[in-house]
Amino acid sequence: MDAGTRDPGARPGGAEYDAVIVGAGFAGLYQLHLLRNRLGLRVHVIEAAEGVGGTWWWNRYPGARCDSESLSYCYFFSPELYAEWEWSERYPGQEEIRRYLDLVTERFDLRRDIRFSTRVTGARRDDAAGLWIVETDKGERITATYLITAVGCLSSANVPKIPGLDRFEGRWYHTGAWPHEGVDLSGKRVGQIGTGSTGIQVAPVLAAQAEHLTIFQRTANYSVPARNRPLTPEEKRRIREEYEETRDLVRATTNGHAYHISAKSALETPPDERRALYDAAWETGGLRFRTVFGDLLTSAEANETAASYLREKIRDVVEDPEKARILSDIDHPYAAKRPPIDTDYFETFNRDNVDLVDLRAEPIEEVTTRGVRTSAREYPLDVIVFATGFDALTGPLLALNIQGRDGIALRDFWREGPRTLLGLQIPGFPNLFTVTGPGSPSVLTNMPVSIEQHAEWIADCIGWLRENGVSSIEASPEAAAEWGAHVNEVANRTLLPTVKHSWYLGANVPGKPRAFMPYAGGLARYRKICDDVAANGYPGFVLGEKKPAADASLTELVAATEGVTSRV
Ligand code: NAP
């Protein structure tokens, strides 16, 4: 019997599986590997798509590419895997990431425990039996001791409810659910709504394919050139050789990238030197631009030095003064929303076949049979592309229709906003773990690094519970409240919550409660808190029969990590 089929014993309430994992992206695959291949548990993964990849299965829009650099957008748990795989470009493209995850799936023999093309429709805690009952759209009921959501933070597409969309006689698509066979845009008049990271990435490619592209912009955005390029053989060799250094670095940095945020202050740096540093970062390209100074997200004045530099760049690139004005009329500090990076985004507005519509001046009123009508006029279109983002962080979890102890629905429990302990557990939902849930660093970081940290913490926790004969673990309501206060407190030290239309706050989805969702204290600090919690016997959690865990205090553990890098 191999590790995959080993069955170490009876499960409470006669559960079929030790663990059910929802999702087979970066998170679900690694969680399966850890629980099955390391702990020897019986694990079942349920995945809505026909293959592995999660985000990278669905986001197949033209030009889809990751903004993290390829040397760090991967797993680090296996040196052999790191050595075996070779990225071709500075940033990994969607198809290449999918191939990487396919390799991981085969290499660790994961496929046989994944049920594809199956969507979880509900999950209910059976208090008496002490297990989870998971229901799927195939009519199954699957039982497990532990339920682990690995559903991603950005997987519930947000299609705005614009009146008339159902009457549109052309075709419309959301970038996060792009048809796998592609879309032939030649000879088509395309309208693109949304200019976030996705819109900025897709626009140049749409412009090159379509006869005409109209970009509907609600909020103008900064962007820094990605400067993507093929990696040289020398770089590929170095990436392989420097595996250990890179692994240790991504685990030590604030946001899981392979570079630190400088401690230097923009305000204390003389203007000439500051400009030279911005020039150098502009040439380097990518998300590193935000690491030039340590105070860009804590001081509005410091931020303005970067923001004005970037607005000036927009005006330099965009030839039409009116377009340049609309594109550079930005209402928020640089990087206080997720900063996009691009390949020829602003240059796209110099093409003859690209128009820009300022939705602040002329809001969309409806979709007609022929196109989009704003308060000023109708724009005839054959295709509408919604690059309008996601119901982030909470959306994918609420879509699972989870009911915890005493039948309480997660949707009700989170009516005022998400409540978690460490973004890992929710009071009233015993043995439910949320990989990169709200309240964890998640979307403020390079995701695979955060995912590895969570999956390892969860596996260690489950291993500990089993070794110690503890039937369940659950966040205590007091500790979750304390953690929520800490999440807000660290966010409020930054400019992040000051942005009106930010999906970090849930502000992009009408009716969604406003709450700052990710943990902005930095991944390095967060990792230390999680490690200390585990090492001290899980303070803040309730174990088994409502026994509070260890005597150690969560407050003291968190306070003791104050000095760990927390620059955002
Ligand atoms: P997003 O950042 O939420 O941007 C959505 C865009 O659609 C915004 O410009 C928004 O305008 C606009 N919008 C939304 N509803 C609208 C409406 N009713 N009418 C007009 N405009 C509307 O979504 P995203 O660009 O898909 O990016 C989401 C996140 O995914 C990113 O921040 C990033 O974390 C991740 N991502 C990563 C990559 C990568 O690594 N390459 C690429 C894409 C996305 P407002 O700003 O006014 O709300």
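Going from the sequence shown to our numbering is simple: count from 1 and add 78.
All C-beta atoms in this analysis are idealised placements derived from N, C-alpha and C, irrespective of residue type, glycine included.
These numbers come from a predicted model, not from an experiment.
With fewer than 16 other Cβ atoms from the protein chains shown falling within 10 Å of its own Cβ, residue 308 counts as exposed. Cα atoms of residue 591 and residue 182: separation of roughly 37 Å, rounded to the nearest angstrom. Using a cutoff of 7 Å, the CB of residue 118 does not count as near the ligand NAP, since none of the ligand's heavy atoms is closer than that.
Of the residues 277, 136 and 487, the one whose Cα lies closest to the Cα of residue 423 is 277. Residues of the same chain with a CB within less than 7 Å of the CB of residue 402, apart from the 5 flanking positions on each side, are 392, 393 and 396 in chain order.
Beyond the five residues adjoining it in sequence on each side, residue 339 comes within less than 7 Å, by CB distance, of 332, 369, 372 and 645 in the same chain, given in chain order. If you look at residue 200, you'll find it in the beta strand (DSSP E) that goes 198-204.
Distances between the C-beta of residue 144 and the heavy atoms of the ligand NAP include at least one below 7 Å. Of the candidates 361, 476, 594 and 593, 476 places its Cα closest to the Cα of residue 489. The C-alpha of residue 573 lies about 7 Å from the C-alpha of residue 411. Counting only unbroken stretches of 3 or more residues, the beta strand (DSSP E) elements lying wholly within the stretch 282-341 are 290-295, in sequence order.
Taking C-beta atoms as the reference points, residue 486 and residue 467 fail to come closer than 8 Å.
Residue 473 holds the alpha-carbon nearest to the alpha-carbon of residue 232 among 367, 473, 334 and 285. The Cβ-Cβ distance between residue 606 and residue 642 falls below 8 Å.
Closer than 7 Å to some heavy atom of the ligand NAP: that describes the Cβ of residue 521. For residue 275, the shortest C-beta to heavy atom distance toward the ligand NAP is below 7 Å.
The straight-line gap separating the alpha-carbon atoms of residue 536 and residue 267 is approximately 49 Å.
Partner residues in the beta bridge of residue 250, as assigned by DSSP, are 462. For residue 410, there is no enclosing beta strand (DSSP E), as DSSP marks it with neither H nor E. In this structure, residue 586 has its beta carbon less than 7 Å from a heavy atom of the ligand NAP.
Taking a cut-off of 8 Å for Cβ pairs, the stretch 550-567 and the stretch 196-204 do not touch, as fewer than three such pairs fall below it. At least one heavy atom of the ligand NAP sits closer than 7 Å to the Cβ of residue 272. Residues of the same chain with a CB within less than 6 Å of the CB of residue 483, apart from the 5 flanking positions on each side, are 203, 205 and 506 in chain order. Burial check for residue 447: the Cβ neighbour count within 10 Å stays below 16, so the residue is exposed. Taking 8 Å as the upper bound for CB-CB distance, residue 336 and residue 150 are in contact here, some 4 Å apart. Per DSSP, reduced to three states, the secondary structure at residue 278 is helical.
Contact between residue 98 and residue 228 is ruled out by a C-beta separation of about 10 Å, above the 8 Å threshold. The ligand NAP has a heavy atom closer than 7 Å to the beta-carbon of residue 416.
The C-beta distance from residue 418 to residue 274 rounds to 7 Å, short enough to fall under 8 Å.
The beta carbon of residue 503 is closer than 6 Å to those of 553 in its chain, skipping five residues each way along the sequence.
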